[in-house]
Amino acid sequence: MERLIEGYKHFLAEVFPGKRNQFHLLAESQAPEWLFITCSDSRIVPDLILGTGPGDLFITRNAGNVVPIAANDVDGVTATIEYAVEVLRVKHAILCGHSDCGAMKAALDRKGLENLPKARRWLSHVEGAFSHRQPLNPADGDAAELAALIRGNVIAQWLNLRAQPAVVRAVEEGRLTVHAWYYDILTGRIEEYDEKARRFAPILG
Ligand SMILES: [Zn+2]
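First residue of the sequence shown: 1, per our numbering; consecutive thereafter.
Okay, structure coming up:
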């Protein structure tokens, strides 16, 4: 825990004073423009990757960046989506998967899930990845097969996101755009799914 306490000391002494005005404004309300749905994986640090900070991203995370289907009973992800879209009125919803995703590795090889009854049930939500699996990309090297499945999962969860009632309404009203991203940890590259072209392409270059 020492490392965290040291980090907190640094925040209080060095970071907070410089952002005092910003936190003063944020203390009573938030108006994030982006809903960001991603995996729990420790290597995904949205504020670092996107240059955002306090008040910018409304985030929900879980193993495998899952969005349960709209017909399911309530859960933490879909309740968060509903609040972000209906109350906070975010302008963009971003579903972001990533390379080397442990949840998707487990979906490929379920042996590791034998003693994880909760994870096993949760990962039934990523079954849709198999029917949206993307073409192999040589740039992914030895991980190409896994990466193709992960991109398939991004599409599956993005479709689930777009089918959430609050999202359907907001998109119809023209106040929400829904994006599907794949983040590569090794290179830092982000790809976005192009629905018309039916393929992922780098956001930059
Ligand atoms: Zn993951």
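We put the beta carbon where it would ideally sit given N, CA and C, even for glycine. Because the structure is a prediction, the values reported are computed rather than measured.
Check                                                                                                   : Outcome
C-alpha gap between ASP184 and SER99, whole angstroms                                                   : 5 Å
Strand pairing of VAL178, partner residues [DSSP]                                                       : ALA93
GLU172 versus GLY112, GLU6 and LYS91, residue with shortest Cα-Cα distance                              : LYS91
Through-space distance from VAL178 to ASN137, alpha-carbon basis                                        : 24 Å
Contact test: ALA143 Cβ vs ligand 1 heavy atom, cutoff 7 Å                                              : no
Segment contact, 8 Å Cβ cut-off, at least three pairs: the region 127 to 136 with the region 152 to 160 : yes
Unbroken beta strand (DSSP E) run spanning ASP109, endpoints                                            : Where ASP109 is concerned, there is no enclosing beta strand (DSSP E), given that its DSSP letter is neither H nor E.
Any chain C beta carbon closer than 8 Å to TRP122                                                       : Any reference to chain C falls outside this structure, which holds one protein chain only.
Inter-residue spacing [alpha-carbon to alpha-carbon] between LEU57 and LEU95                            : 12 Å
Helix, strand or coil at ALA201 according to DSSP, with G and I counted as helix                        : strand
GLY102 beta carbon near ligand 1 (any heavy atom closer than 7 Å)                                       : yes
CYS96 CB to nearest heavy atom of ligand 1 below 7 Å                                                    : no
Reference LEU146, options HIS125, GLY64 and GLY18, closest by Cα                                        : GLY64
Candidates THR52, ASP41, TRP34 and ASP73, of which the one nearest VAL87 by Cα                          : TRP34
Cα-Cα separation, LEU116 to LYS19                                                                       : 42 Å
Any non-hydrogen atom of ligand 1 within 7 Å of GLY64 CB                                                : yes
Limits of the alpha helix (DSSP H) - the one that ASN160 falls within                                   : 144 to 162
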